[in-house]
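Report on one structure; see the data block that follows.
Protein chains: 2
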Amino acid sequence: MTVFVCVCVCVCVCVCSLNSRVTMDAAEFRRRGKEMVDFVADYLENIEHRRVYPDVEPGYLRSMIPSEAPLEPESYEDVLKDVDRVIMPGITHWQSPHFHAYFPSASSYPALLADMLCGGLGCIGFTWAASPACTELETVMLDWLGKMLQLPEDFLAGTKGQGGGVIQGTASEATLMALLAARCKAVKCVHESDPQRSEADIISKLIAYTSEEAHSSVERAGLIGGVGIRMVATDEHFSVRAETLEKMVAEDKAAGFIPFFFCATLGTTPSCAFDKITELGPLCNAENIWMHIDAAYAGSSFICPEFRPLLDGVEFADSFNFNPHKWLLVNFDCSAMWVKKRTDLIGAFKLDPHWGIPLGRRFRSLKLWFVFRMYGQSGLQAYIRKHVELAKVFETMVKKDKRFEICAEVVLGLVCFRLKGSDELNEALLKEMTHLGRIHLVPCKLRGRFVLRFAVCGRTTELRHVQEAWTHITELSSELLLKHHS
Amino acid sequence: MTVFVCVCVCVCVCVCSLNSRVTMDAAEFRRRGKEMVDFVADYLENIEHRRVYPDVEPGYLRSMIPSEAPLEPESYEDVLKDVDRVIMPGITHWQSPHFHAYFPSASSYPALLADMLCGGLGCIGFTWAASPACTELETVMLDWLGKMLQLPEDFLAGTKGQGGGVIQGTASEATLMALLAARCKAVKCVHESDPQRSEADIISKLIAYTSEEAHSSVERAGLIGGVGIRMVATDEHFSVRAETLEKMVAEDKAAGFIPFFFCATLGTTPSCAFDKITELGPLCNAENIWMHIDAAYAGSSFICPEFRPLLDGVEFADSFNFNPHKWLLVNFDCSAMWVKKRTDLIGAFKLDPHWGIPLGRRFRSLKLWFVFRMYGQSGLQAYIRKHVELAKVFETMVKKDKRFEICAEVVLGLVCFRLKGSDELNEALLKEMTHLGRIHLVPCKLRGRFVLRFAVCGRTTELRHVQEAWTHITELSSELLLKHHS
Chain A
6 MTVFVCVCVC VCVCVCSLNS RVTMDAAEFR RRGKEMVDFV ADYLENIEHR RVYPDVEPGY
66 LRSMIPSEAP LEPESYEDVL KDVDRVIMPG ITHWQSPHFH AYFPSASSYP ALLADMLCGG
126 LGCIGFTWAA SPACTELETV MLDWLGKMLQ LPEDFLAGTK GQGGGVIQGT ASEATLMALL
186 AARCKAVKCV HESDPQRSEA DIISKLIAYT SEEAHSSVER AGLIGGVGIR MVATDEHFSV
246 RAETLEKMVA EDKAAGFIPF FFCATLGTTP SCAFDKITEL GPLCNAENIW MHIDAAYAGS
306 SFICPEFRPL LDGVEFADSF NFNPHKWLLV NFDCSAMWVK KRTDLIGAFK LDPHWGIPLG
366 RRFRSLKLWF VFRMYGQSGL QAYIRKHVEL AKVFETMVKK DKRFEICAEV VLGLVCFRLK
426 GSDELNEALL KEMTHLGRIH LVPCKLRGRF VLRFAVCGRT TELRHVQEAW THITELSSEL
486 LLKHHS
Chain B
6 MTVFVCVCVC VCVCVCSLNS RVTMDAAEFR RRGKEMVDFV ADYLENIEHR RVYPDVEPGY
66 LRSMIPSEAP LEPESYEDVL KDVDRVIMPG ITHWQSPHFH AYFPSASSYP ALLADMLCGG
126 LGCIGFTWAA SPACTELETV MLDWLGKMLQ LPEDFLAGTK GQGGGVIQGT ASEATLMALL
186 AARCKAVKCV HESDPQRSEA DIISKLIAYT SEEAHSSVER AGLIGGVGIR MVATDEHFSV
246 RAETLEKMVA EDKAAGFIPF FFCATLGTTP SCAFDKITEL GPLCNAENIW MHIDAAYAGS
306 SFICPEFRPL LDGVEFADSF NFNPHKWLLV NFDCSAMWVK KRTDLIGAFK LDPHWGIPLG
366 RRFRSLKLWF VFRMYGQSGL QAYIRKHVEL AKVFETMVKK DKRFEICAEV VLGLVCFRLK
426 GSDELNEALL KEMTHLGRIH LVPCKLRGRF VLRFAVCGRT TELRHVQEAW THITELSSEL
486 LLKHHS
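As you go down the protein sequences, you meet chains A and B in turn.
For the first sequence, the working numbering begins at 6 and goes up steadily by one.
For the second sequence, the working numbering begins at 6 and goes up steadily by one.
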């Protein structure tokens, strides 16, 4: 029997700085937080009266604030004043109903509330134990979402499935994860039949494929993964067809390369085109090529039965990804990724059962949970349908004006159009639009031509905004054409 | 002169779903948002009365909620009720003053307010034009922070510097970025002297180095980058020394490999040890090895002059990273990374002037701005000092109890300790602690031995919490020792 020493906790040390002043306590947070709620609500309620694209020059901000952090605390009032003075003039208002650039960046009040809760809890879910609710809600929410999309059972975790979903930050990360998992699987597979071959040699022969219309992040994933990547030409609808890929794969195999990965796009960034995955899937399966589907924008629409056929062929895919933070009312960041075999993803990173590059992660599934429950599937479907209908309205208006042409089939909420005539003319039109800042569009190149993209983005975009946008565009065009022809 | 067609915006289409019911409007958000502010304030004010580690079994959550998303909207009250019923029992309370696991995950009221604003603005800053304020504030805030750390001028952007800082999500991402940039630079460099050599061949010869005590994400970065990675043995203080690395580099060069990257750690995860970068830096510079410094946890302390010497040697580094989201009162995610040459990072990804894997990004610099201004540099220094002093108090108590031993030098807010005796004994102590859930610690392995880590984590951790924790630990130990010896 040991003699226990006295357990003494009265340690007399000088803890002089232990009573440091509190900068903002809970009471002040209650007051300031409520003010911030009103600030955000005011901002969103009045956003349409702001210039959607800011009128500042690069470097505008640096001279407006000190060059060093203050030594002593400043007042909250001063900080908030500077939000209006320094930040607001430099914001591109993504949530404005006049914002028609890029693709939507989702937002909704339930998602904002969930994000506040997530911030308050401040837990980091990098393992199950680090916050069980965080890991578990994410798995179940991705099952809910997978069912909403009618994903094949293989992709769901359920209680004993081999597949499952995980939240990534962005589609770029999901693409990279898929490519790395495919690389790992391909190396293992070649090794099995040819154990002499070094990993480096195998990797140097791997070839990935994606559409020439695919997002640049696919090419970048190839660069990061150190594998070759080839761009596949598209048909007249900007879609990759099996025939084209098949030829490239045959060529590459004949030249001693190892085709291992194809990233299909459903809803390309330039024109929202759809690769023909019902043809491509069987080809990839036969050739032992990992098919990843990037449906970053379009994916949200697949919750509507009438758009779900666009996803047909997903049953052939190894992984699938889309961004609820684009078009499903869940604010950034929340990119949903599913795989058929969780072990493929886990195996690629050997070190722990985590499925992404970052180890730490916010409690992002709370946003999905709040939004799914507060909108219901019917509310989310209605939201998607409204955006698609608004795009159709815009398309109809463009078609009625013979000075313009539609440049790609309008399937969802994006309309690609241009003034008949030179690229310069269209560039001048966009430049004037951006200069005035009443609506915001960005361009794309389709078959080498400069094309304007009109995307329905805002949660509060209504028919009148679309009509006003068109009026504005046509008025500017009239002035421009007059100038060009006079 | 052309004939203009009539600009007609009266398009008669059936827009039946355009008047869909609003799920939650601004008025309701004002009410619910204010309730949520109170919910968060209540949570944080009363957090210490909660069990810090949850008492749930894996899989607990799935059966508590439906297996599919509701078709129709539910009420907000029901959602909030479920937060209490489903989520709270499964939360590990990272913000509790009884939380001493891992490293801190920062939080503060000013950061929460900034995050609310960030969510409300909902802008995505992937290029300057996508939201000028977002890109510009980030650059200036990283300059502010760089100055607070007294980083060499080379790392700052200023108005015409070649260096600069960028916010990444996590230190894992920063390490990967640095390794990829170094890989790109090394390939280019070898190519210049030996243009015949293929990129794949060069990459297969590249070797990266890091401490055997380094975070697993460094090894993973090597796996992703497809390069060899070797673990460097540490000295009796768990620090990498130049002598050891020098030998490995010489060996590898002699064997035809190309040393190209060393990831130094300042403040390792297991014991907060510091690699000797004043020795290692000159070695790396002489050998043309990219030195990246990962100071994920410890970096925040360098804002205090008394801890700044720990960063001496940073002048030899090519890149440096730490996580304000760990210990600088800025909530997750916000990992600050600086490079001496921005072009190195941009060059590694060719495709666009973006410095990370994800393209989209939240307006995270707002959190830095709010926190720096509301706390002031003095307030942040006081906060760091308080945590370090609390760790010293804990260390003193451990040292006074002869049943225990300190297992690594206590430099900042982490104390590594154990009961003298077997690993089993210490494992039993931790198991009991975790089972009771009054305080939460995680273990580590040091030289093969099972060691307990006591980290001061909470923003509201006070002297009494540290004393209570020690009383609890000693009481459990007494019972345990009694049982083991009876």
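The beta-carbon is built from N, C-alpha and C at its ideal position, and this holds for glycine as well.
It should be emphasised that the depicted structure is a prediction, and the values quoted were computed from it without experimental measurement.
The Cβ of B/Leu-118 sits closer than 9 Å to at least one Cβ of chain A. At least one beta carbon of chain B lies nearer than 9 Å to the beta carbon of A/Tyr-380.
In the DSSP assignment, A/Tyr-302 falls outside any alpha helix (DSSP H), carrying neither H nor E. Shortest Cα-Cα distance from B/Val-416 to any of B/Asn-431, B/Thr-465, B/Thr-439, B/Ala-278 involves B/Ala-278. Sequence-distant Cβ neighbours of B/Leu-118 in its own chain, meaning closer than 8 Å and more than five residues away, are Phe-375.
Chain B has a Cβ within less than 9 Å of the Cβ of A/Asp-43.
Assignment of B/Ala-341 by DSSP, reduced to helix, strand and coil, places it in the strand class. When the five nearest sequence neighbours on each side are left out, the beta carbons in the same chain lying within less than 7 Å of the beta carbon of B/Thr-273 are those of Ser-216, Glu-218, Ala-219, Phe-243, in order along the chain. Distance from the CA of A/Gly-304 to the CA of B/Thr-28, rounded to the nearest whole angstrom, comes to 22 Å. Taking the Cα of A/Glu-224 as reference, the smallest distance to any Cα among A/Glu-178, A/Lys-397, A/Gly-261 is reached at A/Glu-178. With the criterion set as a beta carbon lying under 7 Å from some beta carbon of chain A, the stretch 438-458 of chain B has no members that meet it.
For B/Pro-287, the three-state secondary structure derived from DSSP is helix. Against chain B, the beta carbon of A/Trp-133 has neighbours under 8 Å at Pro-63, listed in chain order.
For B/Ala-176, the enclosing alpha helix (DSSP H) has its first and last residue at 176-198. Under the rule that a run must span 4 or more residues, the alpha helix (DSSP H) segments found entirely inside the stretch 384-462 of chain A read 428-441.
The beta carbon of A/Cys-139 falls within 9 Å of a beta carbon belonging to chain B, placing the residue at that interface. When CB distances to chain B are screened at a threshold of 9 Å, the residues of the stretch 86-108 of chain A falling below it are Asp-87, Val-88, Val-91, Ile-92, Met-93, Pro-94, Gly-95, Ile-96, Thr-97, His-98, Trp-99, Gln-100, Ala-106, Tyr-107, in chain order.
Within the same chain, Val-461, Val-471 come within 6 Å of B/Leu-395 by CB-CB distance, once the 5 residues on both sides are set aside. Remark: C-beta atoms of A/Gln-173 and A/Arg-347 do not approach each other more closely than 9 Å. B/Met-342 places its beta carbon less than 9 Å from that of B/Val-171.
By the beta-carbon neighbour count (other beta carbons within 10 angstroms, threshold 16), B/Asp-240 is exposed. Shown in chain order are the members of the stretch 332-345 of chain A whose Cβ falls below 7 Å from a Cβ of chain B: Asn-336, Phe-337, Asp-338. Nearest CB-CB separation between A/Asp-148 and chain B: below the 9 Å threshold.
For B/Gly-231, no alpha helix (DSSP H) segment is defined, and its DSSP state is neither H nor E. Taking 9 Å as the cut-off, the Cβ atoms of B/Leu-122 and A/Val-88 count as close. In the DSSP assignment, B/Asn-326 forms a beta bridge with B/Asp-299, B/Met-342. At a cut-off of 9 Å between beta-carbon atoms, A/Tyr-81 makes contact with chain B. For B/Leu-211, the enclosing beta strand (DSSP E) has its first and last residue at 211-216. Each residue's CA atom was taken as its position, placing B/Ser-101 and B/Thr-401 some 23 Å apart.
Residue nearest to A/Arg-469 within the set A/Arg-235, A/Gly-130, A/His-103, A/Arg-55 is A/His-103 (criterion: CA-CA distance). Annotation for A/Thr-479: the continuous alpha helix (DSSP H) segment containing it runs 468-490. The alpha-carbon of B/Phe-108 is positioned some 26 Å away from that of A/Thr-175. Under the 8 Å Cβ criterion, the stretch 290-301 of chain A counts as touching the stretch 310-329 of chain A, having at least three qualifying pairs. Any Cβ of chain B closer than 9 Å to the Cβ of A/Cys-128 would place that residue at the interface, and such an atom is present. Neighbourhood of A/Ala-74 in chain B, by CB distance below 8 Å: Trp-149, Leu-150, Lys-152, Met-153, Phe-377, Arg-378, Gly-381, Gln-382, in chain order.
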